[in-house]
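With the first letter of the sequence shown counted as 1, position 117 gets the number 121 in the numbering used here; the numbers rise by one all the way through.
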Amino acid sequence: ARFFFLMRRISTPLDFDIDLAKKHSDENPVYYIQYAHARISNILRFGEEKGVRFNPGCDFSLLVEREEMALVKKMLEFPDLLIRAARNFEPNALTQYLLELAEEFHRFYHEHRVISDDLKLSEARIALSEAVRIVIAIGLKLMGISAPEKM
Numbered sequence: 005a006r007f008f009f010l011m012r013r014i015s016t017p018l019d020f021d022i023d024l025a026k027k028h029s030d031e032n033p034v035y036y037i038q039y040a041h042a043r044i045s046n047i048l049r050f051g052e053e054k055g056v057r058f059n060p061g062c063d064f065s066l067l068v069e070r071e072e073m074a075l076v077k078k079m080l081e082f083p084d085l086l087i088r089a090a091r092n093f094e095p096n097a098l099t100q101y102l103l104e105l106a107e108e109f110h111r112f113y114h115e116h117r118v119i120s121d122d123l124k125l126s127e128a129r130i131a132l133s134e135a136v137r138i139v140i141a142i143g144l145k146l147m148g149i150s151a152p153e154k155m
């Protein structure tokens with residue numbers, strides 16, 4: 005319920021849909037964001053099993069696909085967004101941002117294999133995915149919402 009309260013501007017009336025809040029589907033914005041976090045956690049576990057681990061020294065220049073660039077650009081907005089949301093008393097900016105980031109990640113996931121036969125590319129995509137996971141986890145934590153590893 006907390007997320008739904010934070011989704012609206014302070015000056016806007018709240019229209020709370022309890023049925024939507026209870027749904028375990030991508031129609032529920034909280035579930036959609038948490039699912040992105042859980043999906044990334046699963047990808048990281050799968051990568052470990054396949055011998056592909058997070059490598060901060062990976063070759064990020066391999067990330068050239070449109071969806072990869074969109075994720076990087078979206079994550080670069082995060083620090084300024086947090087400052088603006090706090091300064092302007094607009095927590096709804098954070099909820100909207102997390103929805104957009106989750107949407108960008110799901111789009112990336114559907115278009116590209118994170119773990120492939122190309123180890124260098126897989127490492128770069130693992131690092132990108134881990135960065136998205138961290139941003140989602142921080143955003144959810146700031147709102148007092150859990151970031152599950154599994155769903």
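Here a beta-carbon is modelled for each residue, glycine too, at the ideal position from N, C-alpha and C.
Sixteen is the threshold: since fewer than 16 other Cβ atoms of the shown chains lie within 10 Å of the Cβ of P60, the residue is exposed.
By the Cβ rule, the stretch 115–127 counts as touching the stretch 37–51, because three or more pairs are nearer than 8 angstroms. Around the CB of G143, 16 or more other CB atoms lie within 10 Å, so the residue is classed as buried.
In the three-state reduction of the DSSP assignment, G61 falls in the coil class. Rounded to the nearest whole angstrom, the CA to CA distance from L132 to K154 is 19 angstroms. Looking at the backbone, the Cα of L66 and that of V56 are separated by about 16 angstroms.
Secondary structure of I149 (DSSP, three-state): coil. In this model, F109 and R137 are separated by some 10 angstroms (Cα to Cα).
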